[in-house]
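Just so it is clear: in the sequence shown, position 29 is 75 by this note's numbering, and no numbers are missing.
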Amino acid sequence: MTRSDAPKPKVGFATHITAGGIAGMAEALTCQPLDTIKVRMQLSKSGMRPGTKPRGFIATGAQIVRRETPLALYKGLGAVLGGITPKMAIRFAAFEKYKAWFADKETGKTSTGKVFIAGLGAGVTEAVAVVTPMEVVKIRLQAQSHSLADPLEVPRYRNAAHAVYTIIREEGIATLYRGVSLTALRQATNQGANFTVYQELKKVAHRMQPEKAELPPYQHMIIGLISGAMGPFSNAPIDTIKTQSNRDSWRERMDANQ
């Protein structure tokens with residue numbers, strides 16, 4: 047039986063969201079240390095003085111572990127885990143809705159260009175609804191260079207919930223949306239590239255294996271790795287500017303170089 051002859055069972059929206067939430071949590075647990083190092087590098091002042099070089103990825107990670115303990119690499123994880131399921135729900139629901147709007151009325155198919163536009167729309171939607179507040183809180187927590195092993199070093203923000211409360215009380219709820227335009231631009235390019243590359247690579251894989259009704263898991267993983275890398279490659283400068291914008295206000299300037 048070829049792929050075109052095989053009946054394809056319909057997967058419910060709740061199943062998609064549950065699977066997306068679990069996948070997002072696994073991604074957060076795996077990638078949070080890398081993200082913390084990336085944020086510290088973006089906020090670092092090393093290399094700004096004449097005759098000095100910027101601190102590299104390994105050196106930054108080693109400094110965090112040495113100064114703040116290995117658990118410090120997971121600072122901000124609570125904010126990510128708290129927002130991952132609604133982010134996934136909004137991302138996929140928005141993408142499917144926009145894709146349906148752009149689909150050809152006769153064939154029901156959506157062209158590659160319109161898939162990209164649907165991805166842009168999904169990225170903007172999730173940025174405004176969830177990602178921007180989540181990123182503000184996450185970056186505030188990641189920027190704190192206190193040691194988790196020293197009880198005398200009391201951080202300004204104890205956890206994600208305390209950070210949200212403190213930011214709203216001292217700076218107003220609008221601060222949670224600082225950098226929303228940059229976040230929307232980053233998420234739009236992320237999801238536009240991600241969804242487009244993912245769907246196009248799936249088409250190529252199916253054309254090369256017409257006898258398979260479904261691609262094996264390892265091929266999904268490889269396609270996901272490639273498509274997921276497209277966004278960061280295209281918008282790293284935007285992300286660096288956004289991180290600087292989401293950092294502390296004039297009331298608190300933390301030294302991320304320590």
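Here a beta-carbon is modelled for each residue, glycine too, at the ideal position from N, C-alpha and C.
Beta-carbon spacing of residue i, residue j below 9 Å
i, j, result
"E236", "N292", "Residue identity check: residue 236 is Asn in the sequence provided, not Glu. Cβ distance not < 9 Å, so N236 and N292 don't count as in contact."
"I284", "R232", "yes"
"A230", "V170", "yes"
"I130", "L119", "no"
"G165", "A234", "yes"
"T61", "R86", "no"
"V210", "V183", "yes"
"G167", "A140", "yes"
Rounded distance between the beta-carbons of residue j and residue i, thought under 8 Å
i, j, result
"G124", "A206", "4 Å"
"I63", "A135", "5 Å"
"Q88", "T242", "Their Cβ separation, rounded to whole angstroms, is 26 Å, which puts Q88 and T242 out of contact at 8 Å."
Whole-angstrom distance between residue j and residue i, CA atom to CA atom
i, j, result
"L127", "M71", "6 Å"
"I83", "R112", "13 Å"
"Y144", "E73", "25 Å"
"Y203", "L222", "14 Å"
"E199", "E114", "10 Å"
"A189", "P116", "15 Å"
"M267", "H208", "36 Å"
"T76", "E142", "27 Å"
"E217", "R224", "11 Å"
"R215", "H252", "53 Å"
"T212", "L187", "12 Å"
"I287", "P96", "22 Å"
"A239", "R137", "14 Å"
"E260", "A149", "23 Å"
"K121", "E172", "22 Å"
"A146", "I185", "35 Å"
"N254", "D81", "One detail in the question is off: residue 254 reads as Met in this sequence, not Asn. C-alpha separation (whole angstroms): 36 Å."
"Y264", "G274", "15 Å"
"G66", "I219", "28 Å"
"K258", "K99", "52 Å"
"E246", "S191", "42 Å"
"P201", "F103", "24 Å"
"P256", "V250", "10 Å"
"Q78", "S90", "18 Å"
"G58", "F279", "32 Å"
"A33", "I163", "Residue 33 cannot be examined here, being either before or after the span of the chain that is shown, 47 to 304."
Residue i versus the options, residue with shortest Cα-Cα distance
i, options, result
"P262", "F138, A275, K248", "K248"
"G341", "P256, G122, Y244, P201", "Here the chain comprises residues numbered 47 to 304, so residue 341 is not present and cannot be evaluated."
"S92", "R86, R101, L228", "R101"
"A177", "I104, G58, L228", "The question names Ala, but residue 177 in the sequence shown is Val. Taking only the C-alpha atoms, the option nearest V177 is L228."
"P7", "V226, S191, I163, Q78", "Past the boundaries of the shown model lies residue 7; the chain is included only from 47 to 304, so the question cannot be answered."
"K133", "E181, E257, F279", "E181"
Contact with chain D by residue i, beta-carbon distance below 9 Å
i, result
"N292", "No chain D appears in the structure shown, which is made up of a single protein chain."
Say whether the region 194–210 touches the region 154–171, bearing in mind that this needs 3 or more beta-carbon pairs closer than 8 Å, one atom from each stretch. no
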